[in-house]
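K.L.:
Residue numbers (the UniProt record's numbering), protein chains in the order written: chain A, 1 to 456; chain B, 1 to 161. Cβ atoms here follow ideal geometry from the backbone N, Cα and C, with glycine treated the same way. Owing to the predicted nature of the structure, the values given are computational and were not obtained by experimental measurement.
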Amino acid sequence: MSQLLTVAKPRRNIELLLLVLAIGMGVMANALVNLNLGRTFDNDFYTQAAVLAGLSLAVHITLRFRAKYADPVILPVVVALNGLGLAVIHRLDIVTGDTAGQRQWLWTGLAVAAAIAVLWLLKDHRILRRFTYISLVLSVFLLLLPLVPGISAGDVNGATVWIKLGPFTFQPGEIAKITLATFFAGYLSSNRDLILLAGKKIGRLQLPRSRDLGPMVVAWIASVGVLVFQHDLGTSILFFGLFMVMIYVATSRISWVLIGLVLMAVGGFAAYKIFPHVTRRIDTWIHALDPQVIGATGGSGQVVEGLFGMANGGLMGTGLGEGSPDSVPLANSDMIIASIGEELGLVGLFAVVCLYALFIARGFRAALGTRDSFGKLLAVGLAFAFALQCFVIIGGVTRLIPLTGLTTPFLAAGGSSLLANWIIVALLLKISDAARRPTEPAVKPDDKPRKEVHAS
Amino acid sequence: MNDLSLTVTILRFGFLILMWIMVFSVVAAMRRDLVIGRKAKVGAPTARQARRHPELVDEPAPSKAHARELVVTEGPLAGTTLELSGTPILLGRAQEATLVLEDDYASGRHARLFPQGTRWFIEDLGSTNGTYLGGTQLTRALPVELGVPVRIGKTVIELRP
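Put into structure tokens, the structure is as follows:
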């Protein structure tokens, strides 16, 4: 009597097409760097092109097997950004003699392998819900790691967020982003009704009960803790923003956002008054162009050099390899947006920002489509954390807001950030697969055996 | 030398154009998805799919008066829509349910919605708080007409054409 009347479209072929374009973009960027800096097209160039294509196709084939209905545009966008990042880092290496490019290739391979592992091993994103509280413990553990003597890498560029294991350095806070989002999604999806129904009403605002404020306070303490003990303003903003957005999405109560903003304002003002590094950050932001602030150690020299670089690039940019982005400190990590702005110009920079926006929109689209609230919250959380990170770092480099040390996703040199972001990609692909997959019939033992049609 | 610098300039702008081609191709690829709802999720079987699975077109598509989607109008999942594909739908909090109700007042396997002929029927599966069809509690399977609210816990669902 009953058959599936509809065929959902996997759209993997469109993904393959876009992927070819994305790989082409990465390879062409690398070729331009070699051409403009007078490098020969040696074996390295062809190996790297092959590795980039191989890695992207590996993920693509995994998707064909494990998540057939996953969103077709997420992977190409990510490959395009990652390929561009590798080319820019390679370009800076040539001038500075650094080996960041090789490390970045290594980490890209590792990160893609991790993403493939997640896609193979995680059958359904809802399984993660079982690990709600384990995720919380894991997040706390990861956030405390950089403070443990012995493996702590100490104070690097003013923040204690690195650990050192043998020759490798790692930033556990990046992974904590994922585990915290998992915890919030699990906690809020099971306790949402309690939070929603209980509480006093004042005017139009429904205030939450004090005990429901518990996790909110934990999130606040966590983000303030990161600020106080690790001196990392960016991560602190990221975690708190993540939690506020997730609780707003879960409850659609504006009162939470207001409480959160008040807490954030109080915390921010106190931090400005108490911690010298926060004070310095904000002062150098406001008075960035004063000559004595530019020249001071820890002054605004970095941001201002970046601004001059972008001004030098203008609308169309100087062309890859023809500007001088290496005169900016940390040009291949924190300031990579300035390097891109200089060499690809406003036009290129906006293409990058568009790619970010498309990726984030696809994350939200996956959240809209999926039917379980855990998946919705997780997708919103991950996509929003990504968006906030882009805003904080790009805003910082362009002097819209004070510069804080968050990584530019997929572009900046840095292994932990690549690893975390590729895992986020895998999770979003998995959730979008669940969202776009046609509804499966409920299996009932008393149903008559029926002919089922599997969509091709 | 002049030739080379011309080539380099062309390649420089070519790369910027390539970046934007990438952006616009992605937008074009997701254009179909921008409509949230039925058209975005499923399409009529294409000629190729029909050739592979002739059973897809054997059964003519239901006429307009038939229920085509299930809409959650109240409760935590309000706004959710579900395609009715001709297979029974299990409603409840259990993870294996077709529509997983995040509703503390619903049972794990609360109710079942199934097609019979041209109509959809709802049947309570022995839930704790009962299922209400248009205000009366269900005691047996009853047909659900279009637009009649079905209450499960704090969730209200409706069939729509």
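Under a Cβ-count criterion, where at least 16 other Cβ atoms within 10 Å of its own Cβ denotes burial, should A/LYS273 be classed as buried or exposed?
P.N.:
As a working mapping, residue 273 of chain A is identified with position 273 in the first sequence. Its Cβ having fewer than 16 others within 10 Å, A/LYS273 is exposed.
K.L.:
Please report the residue range of the alpha helix (DSSP H) in which B/GLU83 lies.
P.N.:
Working through the second sequence from its first residue, we reach residue 83 of chain B at position 83. Taken as a continuous stretch (DSSP letters only), B/GLU83 belongs to no alpha helix (DSSP H), being part of the beta strand (DSSP E) at 81 to 83.
K.L.:
A/ILE116 to A/VAL51, Cα distance in whole Å?
P.N.:
Numbered from its first residue, the first sequence carries residue 116 of chain A at position 116. Numbered from its first residue, the first sequence carries residue 51 of chain A at position 51. Using only the alpha carbons, I get a separation of about 15 Å.
K.L.:
Between the Cα of A/TYR133 and those of A/SER190, A/LYS123, A/GLY154 and A/PRO325, spot the shortest distance and give me the residue it belongs to.
P.N.:
Looking up residue 133 of chain A in the first sequence gives position 133. That would be A/SER190, whose Cα lies nearest to the Cα of A/TYR133.
K.L.:
Roughly how many angstroms separate the alpha carbons of A/ILE94 and A/ILE340, rounded to a whole number?
P.N.:
Numbered from its first residue, the first sequence carries residue 94 of chain A at position 94. Numbered from its first residue, the first sequence carries residue 340 of chain A at position 340. Each residue's alpha carbon lies about 16 Å from the other.
K.L.:
For chain A, check one thing: does any of its Cβ atoms lie closer than 8 Å to the Cβ of B/SER5?
P.N.:
Sequence index remark: in the second sequence, residue 5 of chain B carries index 5 (1-based). Cβ-Cβ to chain A under 8 Å: no for B/SER5.
K.L.:
Please list the partners that B/ASP104 has in chain A, where partner means a Cβ-to-Cβ separation under 7 Å.
P.N.:
Locating residue 104 of chain B in the second sequence gives position 104, counting from the first residue. Correct list: ASP193.
K.L.:
Let me confirm a value: A/GLY414 is counted as buried when at least 16 other C-beta atoms fall within 10 Å, else exposed. Which label applies?
P.N.:
Stepping through the first sequence from its first residue, residue 414 of chain A is reached at position 414. Buried.
K.L.:
State the Cα-Cα distance for the pair A/ALA222 and A/ASP42, rounded to the nearest angstrom.
P.N.:
The residue labelled residue 222 of chain A in the question sits at position 222 within the first sequence. The residue labelled residue 42 of chain A in the question sits at position 42 within the first sequence. So the two alpha carbons sit approximately 49 Å from each other.
K.L.:
State the Cα-Cα distance for the pair A/GLN84 and A/GLY26, rounded to the nearest angstrom.
P.N.:
Stepping through the first sequence from its first residue, residue 84 of chain A is reached at position 84. Stepping through the first sequence from its first residue, residue 26 of chain A is reached at position 26. Inspection of the sequence shows that residue 84 of chain A is occupied by Leu rather than by Gln. Going by the C-alpha atoms only, they are around 5 Å apart.
K.L.:
Where do the ends of the alpha helix (DSSP H) carrying A/ASP283 lie?
P.N.:
Residue numbering aside, residue 283 of chain A sits at position 283 when the first sequence is read from its first letter. Note, A/ASP283: alpha helix (DSSP H), 276 to 286.
K.L.:
What does A/ASN30 reach in chain B if we use C-beta pairs closer than 9 Å?
P.N.:
To locate residue 30 of chain A, count along the first sequence from 1; it is residue 30. Going along chain B, no residue has its Cβ under 9 Å from A/ASN30, so there is no contact; the nearest lies around 11 Å.
K.L.:
Exposed or buried, A/ARG209, counting other C-beta atoms within 10 Å across all chains shown (16 or more means buried)?
P.N.:
Residue 209 of chain A sits at position 209 when you count from the first residue of the first sequence. Label assigned to A/ARG209: exposed.
K.L.:
Would you call the region 305 to 313 of chain A and the region 257 to 269 of chain A touching, i.e. three or more CB-CB distances under 8 Å?
P.N.:
Not touching, per the Cβ criterion.
K.L.:
Would you say A/ASP155 lies against chain B (beta-carbon separation less than 8 Å)?
P.N.:
The sequence position of residue 155 of chain A within the first sequence is 155, counting from 1. No, because no Cβ of chain B sits closer than 8 Å to the Cβ of A/ASP155.
K.L.:
Taking only beta-carbon positions, decide if B/GLY23 is within less than 8 Å of chain A.
P.N.:
Indexing the second sequence from 1 puts residue 23 of chain B at position 23. According to the sequence shown, residue 23 of chain B is Val rather than Gly. Judged by the 8 Å Cβ criterion, B/VAL23 is in contact with chain A.
K.L.:
Which residues in chain A sit within 8 Å of B/LEU16, going by Cβ to Cβ distance?
P.N.:
Position 16 of the second sequence, counting from 1, holds the residue named residue 16 of chain B. The answer, in chain order, is MET316, GLY317, LEU344, GLY345, VAL347, GLY348 and ALA351.
K.L.:
Please classify B/ILE157: is it buried, with 16 or more other beta-carbons within 10 angstroms of its beta-carbon, or exposed?
P.N.:
Mapped onto the second sequence, residue 157 of chain B falls at position 157. It is buried - the Cβ of B/ILE157 has at least 16 other Cβ atoms within 10 Å.
K.L.:
At least one CB of chain B closer than 8 Å to the CB of A/SER373: is that the case?
P.N.:
Position 373 of the first sequence, counted from the start, is the residue given in the question as residue 373 of chain A. Judged by the 8 Å Cβ criterion, A/SER373 is in contact with chain B.
K.L.:
B/ALA94: which of B/GLY108, B/GLU83 and B/GLY75 sits nearest, CA to CA?
P.N.:
For the purposes of this step, residue 94 of chain B is taken as residue 94 along the second sequence, with counting starting at 1. That would be B/GLY108, whose Cα lies nearest to the Cα of B/ALA94.
K.L.:
To the nearest angstrom, report how far apart A/ALA22 and B/VAL8 are at their CA atoms.
P.N.:
On the first sequence, residue 22 of chain A is found 22 positions in, with the first residue counted as 1. On the second sequence, residue 8 of chain B is found 8 positions in, with the first residue counted as 1. Near 21 Å, if we compare the C-alpha coordinates of B/VAL8 and A/ALA22.
K.L.:
Assign A/LYS123 to buried or exposed, taking buried as 16 or more other Cβ atoms, counted over all protein chains shown, within 10 Å of its Cβ.
P.N.:
Looking up residue 123 of chain A in the first sequence gives position 123. Answer is exposed; the Cβ neighbour count stays below 16.
K.L.:
Give me, in chain order, the residues of the same chain whose beta-carbon lies closer than 6 Å to that of A/LEU92; leave out the 5 immediate sequence neighbours on both sides.
P.N.:
Translated into positions along the first sequence, residue 92 of chain A becomes position 92. Correct list, in chain order: ASP326, ALA331 and ASN332.
K.L.:
Could you tell me which of A/GLY214, A/HIS231 and A/MET28 sits nearest to A/GLY268, measuring between CA atoms?
P.N.:
As a position in the first sequence, residue 268 of chain A is number 268, starting the count at 1. Taking only the C-alpha atoms, the option nearest A/GLY268 is A/HIS231.
K.L.:
By alpha-carbon positions, which one of A/LEU57, A/PRO76, A/THR47 and A/THR169 ends up nearest to A/TRP107?
P.N.:
What you label residue 107 of chain A is simply residue 107 of the first sequence in a count that begins at 1. Of the listed residues, the one whose Cα sits closest to A/TRP107 is A/THR169.
K.L.:
So, helix, strand or coil for A/GLY186, using DSSP?
P.N.:
Residue numbering aside, residue 186 of chain A sits at position 186 when the first sequence is read from its first letter. It is helical.
K.L.:
Quick one: measure Cβ to Cβ for A/THR160 and A/GLY154, integer angstroms, because I've assumed they're closer than 8 Å.
P.N.:
Reading the first sequence from its first residue, position 160 is the one you call residue 160 of chain A. Reading the first sequence from its first residue, position 154 is the one you call residue 154 of chain A. That pair is a contact at about 7 Å.
K.L.:
Look at A/LEU180 and A/PHE141 and say whether their C-beta atoms are less than 8 Å apart.
P.N.:
Taking the first residue of the first sequence as 1, we reach residue 180 of chain A at position 180. Taking the first residue of the first sequence as 1, we reach residue 141 of chain A at position 141. Not closer than 8 Å, so no.
K.L.:
Give a yes or no on contact between the region 114 to 130 of chain B and the region 144 to 157 of chain B, applying the rule of three or more CB pairs nearer than 8 Å.
P.N.:
Touching, per the Cβ criterion.
K.L.:
Quick one: what's B/VAL92 bridged to in DSSP?
P.N.:
Here residue 92 of chain B refers to the residue found at position 92 when the second sequence is read from its first residue. The sequence given here has Gly at residue 92 of chain B, not Val. B/VAL100.
K.L.:
Taking only beta-carbon positions, decide if B/TRP20 is within less than 8 Å of chain A.
P.N.:
Along the second sequence, one-based indexing puts residue 20 of chain B at 20. Yes, B/TRP20 counts as interfacial toward chain A.
K.L.:
What does A/VAL218 touch in chain B if you count any residue whose Cβ is under 8 Å from its own?
P.N.:
Numbered from 1 along the first sequence, position 218 holds the residue referred to as residue 218 of chain A. In chain order: nothing, as chain B lies at least about 23 Å away.
K.L.:
Helix or strand or just coil, what does DSSP make of A/PHE168?
P.N.:
On the first sequence, position 168 is the one that residue 168 of chain A refers to. Reduced to three states, the DSSP call for A/PHE168 is strand.
K.L.:
Where does B/ARG38 sit, in a helix, a strand or coil, going by DSSP?
P.N.:
Counting from 1 along the second sequence, the entry for residue 38 of chain B is found at position 38. Confidence is the limiting factor: at B/ARG38 the pLDDT is only 43, short of 50, which leaves the residue's position unreliable, though a coordinate-based value still follows. Note: B/ARG38 maps to helix in three-state DSSP.
K.L.:
Between B/LEU90 and B/ARG112, is the Cβ-Cβ spacing less than 8 Å?
P.N.:
Walking along the second sequence from the start, residue 90 of chain B turns up at place 90. Walking along the second sequence from the start, residue 112 of chain B turns up at place 112. Yes.
K.L.:
Along chain B, in chain order, which residues have C-beta atoms closer than 7 Å to that of A/VAL73?
P.N.:
Position 73 of the first sequence holds residue 73 of chain A. By Cβ distance, chain B contributes VAL26, ALA29 and MET30.
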